[in-house]
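Data block below; observations after.
In UniProt numbering, the protein residues as written are 1 to 466.
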């Protein structure tokens, strides 16, 4: 523990004690060290209510052990079966989530900065083997970390390099009483199947398999840390935060090593979602391939329930559902004008009448207007009321200088308007439902001329949201 700096004098530590041999041995070791190191220990036990009287008996035994040592003891009774019914989570994940939540609450209540957990080297070997079976990457092969900070509390595992046989020897040497969890013999849990069935078979091929698996975790851990650091450096260099997510350049991403490409995707997803299930190889490789391939240049792919990957030509975005979905809007515009805020963007569109006609005519000479967010019309030629709304399926526009009409959808594609903006940009229509203007394009209707005496100006102000 000194070598890995897990503890220092006067630390306040919550010790998670299930009542089994591992946690009882851990508590006893820390208790023996507490007087020399002036450690402040708090015993914490969670009754998951999985095993009825057996669970109650374990809680009572932990209370008695803490009392014998003169240590405060907190017992949390959590109806995990009810939580599983509510959430649909699997029993082991649900129990772990609620257990860690209780341990963190106990640590905050006592002002403890560390939570000691009793995972040992055999647990590590089982974990790494299970992750190999699932095809995990470097992060998975790192196994159970010896120390990790979660929500301002450090989780430490002092026994992670100690094997089960040594733990049992310690209990026997000091005459420590402990409980046997009957669920450890139930093969309905994958970990139990690995421990009871698979590991004994594999030991025939390599009697030192637990040591080999622990060595693999030791090798993978630092390399995983290094790659994680590199991914964060790349993220800081390439990615920019925006409302509801992040964006970066496709070209910059394509220049990265494939390992960093995958790491960057995983890092961004971890910032946007809690569900670690989103980070599987298939999902990340699908997204990575969609970024680096030449075609298609625009696409949207949903990841989980609320995250969207969006490619807009050379811009790549990862955004939440609220940002990916555009809210519809519909405003009536009368000759006196007005101002409206477009939902979901913060953009403002304004309409003002009475500008100088000569300026209006000269400002609308025939020249490219792509990207322009302002247009002037002949007020006396307009048919009111006008409508400002987002696009509808089938919208067409008679573009100034061209014969016939063109689909608004095709105009957006030709102008390389990012897909996420196409349902957010305003269209201005007259009383006959003709599209007069959309940012960058105008129709031939009500165009100011030398004879125009009154004009009507429409302007889109994107502010900092463009």
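The C-beta atom is built at its ideal place from N, Cα and C for all residues, glycine as well.
Identify which residue in the options has its Cα closest to the Cα of residue i.
i           : options            : result
residue 344 : 334, 350, 327, 352 : 327
residue 158 : 118, 28, 267       : 118
residue 258 : 109, 414, 293, 429 : 293
residue 438 : 448, 234, 390      : 390
residue 140 : 148, 130, 149, 146 : 130
residue 96  : 112, 45, 126       : 45
residue 271 : 261, 246, 253      : 246
residue 103 : 93, 84, 75         : 75
residue 281 : 136, 27, 417, 313  : 136
residue 6   : 340, 148, 90       : 148
residue 17  : 50, 35, 71         : 71
Could you check whether residue j and residue i sit closer than 7 Å to each other, using their CB atoms as the reference points?
i           : j           : result
residue 419 : residue 283 : no
residue 202 : residue 209 : yes
residue 468 : residue 214 : Here the chain has residues from 1 to 466 only, and residue 468 is not among them.
residue 41  : residue 15  : yes
residue 372 : residue 461 : no
residue 19  : residue 60  : no
residue 156 : residue 116 : yes
residue 77  : residue 47  : yes
Per DSSP, residue i forms a beta bridge with which residues?
i           : result
residue 12  : 40
residue 245 : 242, 319
residue 308 : 302, 319
residue 153 : 150
residue 340 : 349
residue 130 : According to DSSP, residue 130 bridges with nothing at all.
Just to confirm my understanding: we take residue i, look at its own chain, exclude 5 residues before and 5 after, and list those with CB closer than 6 Å. What are they?
i           : result
residue 73  : 43, 63, 66
residue 366 : Any reading at residue 366 must be qualified, since the residue scores a pLDDT of 42, below 50, and its modelled position is unreliable; the value itself is stated next. So the list is empty, once near-sequence residues are dropped.
residue 381 : 446
residue 10  : 38
residue 357 : Confidence at residue 357 is low in this model, with a pLDDT of 43, below 50, so its placement is unreliable and no value can be given for it.
residue 387 : 429
Apart from the five residues just before and just after residue i, which ones in its own chain have a Cβ nearer than 7 Å to its Cβ?
i           : result
residue 143 : 124, 127, 128, 217
residue 12  : 40, 110, 111, 112, 113
residue 364 : With a pLDDT of 47 at residue 364, under the threshold of 50, the modelled position of that residue is not reliable, and the figure given next carries that caveat. Same-chain partners within the cutoff: 376, 447, 448.
residue 412 : 422
residue 383 : 430, 431, 432
residue 370 : Model confidence at residue 370 stands at a pLDDT of 33, short of 50, so the residue's coordinates are unreliable; what they give is reported in the following sentence. Excluding residues within five positions, the ones whose Cβ falls inside 7 Å are 415, 440.
residue 362 : The predicted position of residue 362 is uncertain, since its pLDDT is 49 and thus under 50; a value taken from the coordinates is nonetheless stated next. No residues qualify anywhere along the chain.
residue 53  : none
residue 334 : 384, 385
If I measure Cβ to Cβ from residue i and keep anything under 8 Å in the same chain, skipping five residues before and after, which residues do I get?
i           : result
residue 263 : 227, 228, 230, 231, 234
residue 320 : 244, 245, 272, 306, 307, 308
Item checked: 4 or more residues per run - each alpha helix (DSSP H) lying fully within the UniProt domain "Lysidine-tRNA(Ile) synthetase C-terminal" (386 to 458) -> 408 to 414, 419 to 422
Notebook entry, point to check: Along the chain, which unbroken stretches of the alpha helix (DSSP H) at least 4 residues long are found entirely within the segment 59 to 93?
Noted result: 80 to 87
Margin query: To test your reading of the DSSP string, which unbroken beta strand (DSSP E) runs of 3 or more residues are found completely within the segment 174 to 262?
Written below: 240 to 242, 245 to 249
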